[in-house]
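Chains as they are written, first to last, in numbering that gives the first Met the number 0: chain V, 0 to 249; chain E, 0 to 249; chain B, 0 to 249; chain F, 0 to 249.
Number of protein chains: 4
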Amino acid sequence: MSVTNIHEDPDALIRSDDPEHPANLICELCRDFYKLGWVTGTGGGISIRHGDHVYLAPSGVQKERIHPSHIFVLPFQQTAVPKPGSKRDFLRIPSQKGLKESACTPLFWNAFTMRDARACIHTHSQHAVMLTLLHPADAQGNATFRISHQEMIKGIRIGGTGKTLSYLDTLEIPIIENTPDEEDLTEGMSRAMERYPDAGAVLVRRHGVYVWGGSWEQAKTQAECLDYLFEIAVKMRLAGMPLVGGDAAA
Amino acid sequence: MSVTNIHEDPDALIRSDDPEHPANLICELCRDFYKLGWVTGTGGGISIRHGDHVYLAPSGVQKERIHPSHIFVLPFQQTAVPKPGSKRDFLRIPSQKGLKESACTPLFWNAFTMRDARACIHTHSQHAVMLTLLHPADAQGNATFRISHQEMIKGIRIGGTGKTLSYLDTLEIPIIENTPDEEDLTEGMSRAMERYPDAGAVLVRRHGVYVWGGSWEQAKTQAECLDYLFEIAVKMRLAGMPLVGGDAAA
Amino acid sequence: MSVTNIHEDPDALIRSDDPEHPANLICELCRDFYKLGWVTGTGGGISIRHGDHVYLAPSGVQKERIHPSHIFVLPFQQTAVPKPGSKRDFLRIPSQKGLKESACTPLFWNAFTMRDARACIHTHSQHAVMLTLLHPADAQGNATFRISHQEMIKGIRIGGTGKTLSYLDTLEIPIIENTPDEEDLTEGMSRAMERYPDAGAVLVRRHGVYVWGGSWEQAKTQAECLDYLFEIAVKMRLAGMPLVGGDAAA
Amino acid sequence: MSVTNIHEDPDALIRSDDPEHPANLICELCRDFYKLGWVTGTGGGISIRHGDHVYLAPSGVQKERIHPSHIFVLPFQQTAVPKPGSKRDFLRIPSQKGLKESACTPLFWNAFTMRDARACIHTHSQHAVMLTLLHPADAQGNATFRISHQEMIKGIRIGGTGKTLSYLDTLEIPIIENTPDEEDLTEGMSRAMERYPDAGAVLVRRHGVYVWGGSWEQAKTQAECLDYLFEIAVKMRLAGMPLVGGDAAA
């Protein structure tokens with residue numbers, strides 16, 4: 000499909016019979032994520048980078064009911080993070096009225112540019128939020144979720160796109176503070192990614208998590224492993240068990 | 000469709016191939032709400048106001064198994080709240096025997112007349128009920144659920160139909176006392192809506208919640224955001240965490 | 000369909016295109032109950048009495064995978080409780096090898112004969128079992144679950160087949176002790192039903208619950224209301240809240 | 000189907016219209032197990048032994064999305080446990096790139112050779128993991144989960160393939176320590192199976208459980224009964240209730 004064609008018919012970018020085409024996948028995965036409680040009430044979503052194109056769900060809509068025709072497409076440029084609101088650079092904008100670009104766009108871009116990720120998932124999972132509440136920031140304003148000795152750690156990749164962790168590794172995920180506007184998280188997320196180059200996700204206090212991977216499959220399976228670890232960590236903490244060390248607990 | 004047609008063939012009001020027609024939507028949404036645990040055992044439901052017509056599910060039936068032919072249609076009149084039991088004013092009554100108008104009708108009317116809502120959802124969610132149990136009434140008989148510093152607050156609109164709250168706002172939802180007969184809640188709900196003009200919902204102690212919006216999508220996504228907040232608030236309270244202030248907790 | 004036909008072709012009893020035919024309904028409802036966690040691992044089920052015929056799922060099979068051809072049919076006789084194991088009286092026995100009649104048969108019969116029920120549901124719901132664990136027997140060996148001031152109480156009928164309770168009523172469900180063999184519960188269940196003529200269900204300690212109704216819809220919606228009340232009662236008790244009295248709690 | 004045919008066309012081993020053919024069943028059951036939270040994030044799975052053939056899902060893929068063409072087939076030999084990585088002995092290897100044999104293979108083999116099992120399920124259920132955390136090893140490094148007086152115990156078979164337990168029996172499941180590499184669990188699992196000849200499963204600390212049966216139906220229903228017992232045991236322990244003895248608790 001040539002660039003010329005796309006400019007003449009931008010909908011060619013989102014029209015495909017292939018269920019694994021990003022425009023179709025985003026809709027299917029959002030329905031799945033809704034059942035998991037990750038994108039309830041319009042929150043959360045997934046962005047997929049496919050070659051030079053980035054596919055994005057719209058903002059503020061029911062994620063379990065989106066249709067490929069609702070998908071935005073942006074060009075992927077390593078150096079230019081798109082500012083939300085500026086529609087200048089879109090390759091494809093939905094014709095349906097009232098659909099807005101996701102405010103998460105620059106956050107997804109962090110994963111694409113800093114980790115060469117091909118997909119980034121944002122969930123509002125209650126397990127993620129409860130976990131951040133159990134990890135208050137220290138005097139320097141820093142907080143980190145750490146857990147060890149859990150089989151599911153083996154499903155997480157170093158930096159999200161590297162090789163998988165071993166059972167003997169301690170998983171570390173930074174927790175950043177939330178901001179009133181989602182795009183203002185961009186700076187905090189990129190700083191956390193610099194400080195924690197091995198982390199495959201960033202937790203946002205009282206908000207949720209951003210998880211990425213070298214493919215949509217990697218992003219999804221890591222989001223599942225992490226959500227499992229968030230959930231069991233909350234249960235363990237509420238039962239008085241240490242998260243790190245593998246000690247017997249009762 | 001002319002008024003003459005409706006009087007000659009009231010079923011024209013509920014017969015449509017459009018999945019977004021209120022008679023079809025109510026059935027689909029009730030199936031979805033059943034999966035969420037909101038309308039188990041015949042409780043709860045949704046009413047949609049479409050122009051001058053109000054669509055209502057029947058009372059006391061399995062909400063996940065209703066059919067468009069079971070739907071009641073009332074004329075919407077700003078000043079005349081229909082009394083349950085009076086069938087005089089119906090535009091369409093199901094022909095199937097034993098179906099009764101919902102006792103929630105005057106409560107849905109509160110949302111339609113006082114907030115210009117187009118849809119009102121009533122759930123028996125356990126999260127809502129547990130939350131009311133954690134908020135006993137004060138000496139004056141008043142109780143209010145308050146929560147702040149949660150991303151999901153941004154999904155709630157001022158008064159249910161206004162602009163969305165900011166992350167810096169504290170969400171306030173009044174809790175009214177339950178009454179033996181559902182229609183007797185009408186007065187308490189309207190008083191609470193007068194006292195809390197910004198609230199997009201009313202909780203009913205040991206019973207559930209009424210949530211509305213300027214469209215069915217708004218009502219549904221706000222019901223989801225609120226149910227999420229009720230659930231996490233119960234978890235936070237049981238873990239000894241304050242709901243307001245955004246302080247670190249452990 | 001004449002008796003002669005049934006004897007010539009017993010499968011006529013379970014062959015129907017009507018989704019509400021008992022043989023079809025039992026399969027559909029068992030799939031639904033599986034999703035609710037009521038009949039996991041072959042436990043639990045539903046029996047429907049339709050005129051002079053009683054339809055029963057087989058014992059010890061995956062309840063979410065049964066087919067109408069697996070259904071047993073017994074004649075309903077007010078005075079003759081069928082003993083499990085005696086196949087003499089069956090109107091229809093599945094031809095598939097290895098299918099056994101449910102050991103719950105005489106317990107379902109209690110509901111059919113003592114309350115004129117048309118359907119009886121048996122669940123292994125964890126909410127029911129946890130609730131029995133929170134209600135130890137007194138010195139006389141008796142235990143009763145009591146709850147008041149819950150909207151969902153209004154979904155329960157007096158004796159399971161009478162009129163519905165009011166919000167002002169206290170719900171009472173007897174808890175009987177479990178026995179190694181399910182059919183040995185028959186006597187304990189019938190004694191509890193005599194002592195509690197208004198109860199619409201019997202809880203079995205460390206086992207589950209039997210719920211019935213004047214129709215399958217009544218049995219199912221009451222099973223849902225009760226399971227909701229069992230669940231919230233467990234949460235309330237673990238949070239230190241009283242189940243009866245409607246007092247404020249924190 | 001002759002051996003000659005299989006060698007000429009190994010895909011004949013996984014191609015069937017019969018939904019109960021092992022290659023089809025494994026895919027269907029993995030989708031079901033995903034909904035139960037047992038195989039989230041690529042973890043867990045099921046292996047079925049059918050005559051002289053053992054069917055295995057691939058490692059490290061989304062278990063809810065596998066297709067019969069992804070299935071590995073090994074010959075079943077009582078004496079030769081296949082080493083992971085050695086592909087010499089496969090009867091059928093998926094042609095799709097990147098699919099690896101499950102590291103659980105020698106663990107499934109334990110069930111096939113030591114108990115004559117026909118199916119073995121491995122789950123990462125959080126109930127299993129939480130239960131192991133509540134049962135620290137003793138000074139000799141041993142730990143055992145014991146529970147009695149639960150109706151669901153009657154769904155478990157002696158040794159997984161024998162006759163079912165009675166309500167009066169105490170269920171015992173050994174808990175072995177996890178190892179960094181899954182195949183290194185083989186030795187610990189077989190030792191535990193020797194020490195506990197009546198146990199129908201082996202729990203792995205901070206990891207999950209292995210359950211087997213004389214058929215896939217037995218393996219699945221026992222996995223469900225055990226997961227139910229793990230879940231209620233965690234709830235009981237956190238509520239301060241003893242798991243063994245059947246005493247009243249509050």
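Ideal placement from N, C-alpha and C gives every residue a C-beta, glycine not left out. Because the structure is a prediction, the values reported are computed rather than measured.
Closer than 8 Å at the beta carbon, the chain B residues around residue i
i, result
"residue 231(F)", "125, 128, 129"
"residue 165(F)", "179"
Where residue i falls, given that 16 or more other Cβ within 10 Å makes a residue buried
i, result
"residue 3(E)", "With a pLDDT of 49 at residue 3(E), under the threshold of 50, the modelled position of that residue is not reliable, and the figure given next carries that caveat. So residue 3(E) counts as exposed."
"residue 165(V)", "exposed"
"residue 239(V)", "exposed"
"residue 91(B)", "buried"
"residue 96(B)", "exposed"
"residue 226(F)", "buried"
"residue 138(B)", "exposed"
"residue 148(F)", "buried"
"residue 8(F)", "exposed"
"residue 18(F)", "exposed"
"residue 233(B)", "buried"
"residue 244(B)", "exposed"
"residue 62(B)", "buried"
"residue 134(F)", "buried"
"residue 150(B)", "buried"
"residue 158(B)", "buried"
"residue 256(F)", "Given that chain F is displayed from residue 0 to residue 249, the structure contains no residue 256(F) and the question cannot be resolved."
"residue 156(E)", "buried"
Residues that DSSP places opposite residue i in a beta bridge
i, result
"residue 211(F)", "119(F)"
"residue 173(V)", "143(V)"
"residue 56(E)", "DSSP lists no partner for residue 56(E)."
"residue 97(F)", "Answer by DSSP bridge pairing: none, since residue 97(F) is not bridged."
"residue 44(E)", "121(E)"
"residue 74(V)", "52(V)"
"residue 38(B)", "In DSSP, residue 38(B) forms no bridge with anything."
"residue 91(B)", "72(B)"
"residue 203(E)", "175(E), 207(E)"
"residue 163(V)", "156(V)"
Contact list for residue i against chain F, beta-carbon separation under 7 Å
i, result
"residue 76(B)", "Residues of chain F passing the Cβ test: none, with the nearest at roughly 29 Å."
Neighbouring residues, chain V, relative to residue i (Cβ below 7 Å)
i, result
"residue 206(F)", "150"
"residue 33(E)", "Within chain V, no residue comes near residue 33(E); the closest Cβ sits about 14 Å away, beyond 7 Å."
Nearest-angstrom Cβ-Cβ length linking residue i and residue j, presumed shorter than 8 Å
i, j, result
"residue 69(B)", "residue 93(B)", "5 Å"
"residue 22(B)", "residue 67(B)", "4 Å"
"residue 211(B)", "residue 47(B)", "Wrong, their Cβ atoms sit about 11 Å apart, outside the cutoff."
"residue 35(V)", "residue 130(V)", "16 Å between Cβ atoms; not a contact."
"residue 168(V)", "residue 152(V)", "6 Å"
"residue 182(F)", "residue 105(F)", "5 Å"
Amino acids of chain B, ordered along the chain, whose beta-carbon sits closer than 7 Å to that of residue i
i, result
"residue 160(F)", "Within 7 Å Cβ-Cβ: nothing; residue 160(F) doesn't reach chain B, min ~15 Å."
"residue 224(F)", "40"
Interface partners of residue i on chain E, CB under 7 Å
i, result
"residue 238(B)", "237"
"residue 252(V)", "The shown model of chain V, from 0 to 249, leaves out residue 252(V), and the question about it has no answer."
Listed by chain order, chain F residues near residue i by CB distance under 8 Å
i, result
"residue 61(B)", "216, 219, 220"
"residue 209(V)", "Ordered by position in chain F, no residue passes the 8 Å Cβ test against residue 209(V), which lies about 17 Å from the chain."
Contacts that residue i makes with chain V (C-beta to C-beta distance below 8 Å)
i, result
"residue 195(E)", "Chain V residues near residue 195(E): none, gap ~21 Å exceeds 8 Å."
Per-residue contacts from residue i into chain E (C-beta, under 8 Å)
i, result
"residue 54(B)", "Near residue 54(B) there are no residues of chain E at all, since even the closest Cβ is about 20 Å away, more than 8 Å."
So, do the region 168-178 of chain E and the region 140-148 of chain E have three or more beta carbon pairs nearer to each other than 8 Å? With a cut-off of 8 Å on Cβ pairs, the region 168-178 of chain E is in contact with the region 140-148 of chain E, counting three or more such pairs.
Count the C-beta pairs between the region 103-116 of chain B and the region 209-222 of chain F that are closer than 8 Å, then say yes if the count reaches three, no if not. With the cut-off at 8 Å, the region 103-116 of chain B and the region 209-222 of chain F do not touch.
Say whether the region 123-137 of chain E touches the region 202-209 of chain E, bearing in mind that this needs 3 or more beta-carbon pairs closer than 8 Å, one atom from each stretch. Yes, the region 123-137 of chain E touches the region 202-209 of chain E.
Tell me, please, whether the region 153-165 of chain V touches the region 12-28 of chain E by the rule of three or more beta-carbon pairs shorter than 8 Å. Flag = no, the region 153-165 of chain V and the region 12-28 of chain E do not touch.
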